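S.K.: Count along the sequence shown from 1, then add 23; that gives the number in our numbering.
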Amino acid sequence: RLRRAAAESLGKLGKEAGSAAADLGAVLTAEKSSESLRLAAMTALELLGAEAKPAIPHLVKAISDPERIIRCLAMQVLGRMGKDLDSQRKEAVAAMLKAVDDANVEVRVAALETLGAIAEDGLADLTDRVVEALDRILR
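(1) Note the first and the last residue of the continuous alpha helix (DSSP H) segment covering residue 79.
(2) Going by DSSP, which residues form a beta bridge with residue 108?
(3) Could you check the C-alpha separation between residue 108 and residue 115 for me, to the nearest Å?
(4) Whole angstroms are fine: how far does the CA of residue 66 sit from the CA of residue 101?
(5) Considering just the uninterrupted stretch of the alpha helix (DSSP H) at residue 155, what are its terminal residues?
(6) Please classify residue 93 as buried or exposed, where buried requires at least 16 other C-beta atoms within 10 Å of its C-beta.
(7) Excluding the five sequence neighbours on either side, which residues of its own chain have a C-beta within less than 6 Å of the C-beta of residue 37, listed in chain order?
(8) If you draw a straight line from the C-alpha of residue 132 to the C-alpha of residue 41, how long is it?
(9) Pop quiz: residue 122 and residue 79 are said to be a contact at Cβ under 8 Å. What is the actual Cβ separation, rounded to whole angstroms?
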């Protein structure tokens with residue numbers, strides 16, 4: 024409970040809490056983090072905006088979290104970061120491509136929406152794979 028309250032407070036501080044982004048990201052992928060703690064960390068990262076950049080590797084890993092809501096929110100946060108994905112764009116796009124085939128329809132929709140959101144800033148060298156995945160869904 025204490026850790027969740029700390030994560031929520033960091034989120035309320037917004038961009039001024041940017042120095043905590045890496046620690047918030049680590050909470051997302053720590054084995055002992057409860058779902059409610061991971062949700063609080065995810066919400067805080069979303070409020071940090073571009074300042075959450077140090078957490079990108081953890082957000083990418085969270086796309087394969089056991090909980091559907093965490094997978095969806097991780098993609099949402101990454102989608103809002105857009106051009107700030109920089110050198111980690113390829114890993115993020117590859118993880119979203121896997122999520123396009125997720126068993127949960129909400130996760131699949133989140134993946135498609137996020138790929139569309141970041142497409143303007145580029146899909147690394149995975150554009151052909153994204154087009155193939157989208158075309159496969161249309162059939």
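For glycine and all other residues, C-beta sits at the position ideal for the given N, C-alpha and C. The structure presented is a predicted model; accordingly, all values stated were derived computationally and were not measured.
M.R.: Inspection of the coordinates gives the following:
(1) Translated into the one-based positions of the sequence shown, residue 79 becomes position 56. Element bounds for residue 79: 79–85.
(2) Indexing the sequence shown from 1 puts residue 108 at position 85. For residue 108, which the question treats as bridged, DSSP gives no partner whatsoever.
(3) Position 85 of the sequence shown holds residue 108. Position 92 of the sequence shown holds residue 115. If you take the alpha carbons of residue 108 and residue 115, they lie about 8 Å apart.
(4) Locating residue 101 in the sequence shown gives position 78, counting from the first residue. Locating residue 66 in the sequence shown gives position 43, counting from the first residue. For residue 101 and residue 66, the distance between alpha carbons rounds to 12 Å.
(5) The sequence position of residue 155 within the sequence shown is 132, counting from 1. Where residue 155 is concerned, the enclosing alpha helix (DSSP H) stretches over 150–161.
(6) If you number the sequence shown from 1, residue 93 lands on position 70. Counting Cβ neighbours within 10 Å, residue 93 comes out buried, since at least 16 surround it.
(7) For the purposes of this step, residue 37 is identified with residue 14 of the sequence shown, where counting begins at 1. If we look at residue 37 and ignore the five residues flanking it on each side, its Cβ neighbours are 70.
(8) The residue you call residue 132 lines up with position 109 of the sequence shown. The residue you call residue 41 lines up with position 18 of the sequence shown. If I take the Cα positions, the gap works out to 29 Å.
(9) Position 99 of the sequence shown, counted from the start, is the residue given in the question as residue 122. Position 56 of the sequence shown, counted from the start, is the residue given in the question as residue 79. Wrong, their Cβ atoms sit about 16 Å apart, outside the cutoff.
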